[in-house]
Amino acid sequence: MNLLSGEYECKLDPKGRLVLPAKVKGSLPEETGNQLILVRGFEPCLVLYPRSAWRVIHEKVMALDEFNEEYRQFQRNFLRGMTEVELDSIGRFMLPRTMLRYAGIEKEAIIVGIGNRCEIWDPERYDNFLIKDQQSFSKLAQKFLTTPDTAPTSPLAA
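In case it helps, my numbering puts the sequence shown at residues 3 to 160.
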């Protein structure tokens, strides 16, 4: 899979559409075409997945036991508001109003490429979620990058 990376400042048009930056669009897997999946993030942001990346996650979420209450709660909340979005001829896509409210996005947004996905943030909220203390950031890097066999894994990891 191609790597989605970078930070891009964007403006929403009056209809709530956002133009996907050319570098991001160019990094999308070819099989994605013009269709992407938009979901609510765990933090107050939106997450945009190419279809191939979403398919892997969706299969794991749907494989959870529907007779387990905790799994059902997770599925319900994780898949809440999941929307297929389609890029138009100039790379714009519509952000549903409910999603914009969730993320606190009004007129401006930051698109952040994070490997298999992009996060879409309100610029002020994004800045508030970034680590400001470089020493703390360094400690996290040491924790997660120098001891891979002891790093915590996602419950959705294969």
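Positions of the beta carbon are idealized from the N, C-alpha and C atoms, including for glycine. Quick caveat, the model's predicted, so the values are computed rather than measured.
Own chain residues within Cβ distance below 7 Å of residue i, not counting five before or after
| i | result |
| --- | --- |
| S54 | M3, P31, E33, T34 |
| V87 | L38, L40, F95, M96 |
| L102 | G18 |
Exposure label - residue i; buried when at least 16 CB within 10 Å
| i | result |
| --- | --- |
| I39 | buried |
| L5 | exposed |
| R119 | buried |
Identified DSSP bridge partners for residue i
| i | result |
| --- | --- |
| S7 | I116 |
| A111 | C12 |
| I133 | None; I133 has no bridge partner. |
Inter-residue spacing [alpha-carbon to alpha-carbon] between residue i and residue j
| i | j | result |
| --- | --- | --- |
| V26 | V114 | 9 Å |
| A105 | P98 | 11 Å |
| N130 | A24 | 27 Å |
Own chain, CB closer than 8 Å to residue i, minus 5 neighbours either side, in chain order
| i | result |
| --- | --- |
| M64 | Q77 |
| S138 | none |
inquiry  = In chain order, what are the residue ranges of uninterrupted beta strand (DSSP E) at least 3 long that sit wholly in the region 19 to 72?
reply    = 19 to 21, 37 to 42, 48 to 52
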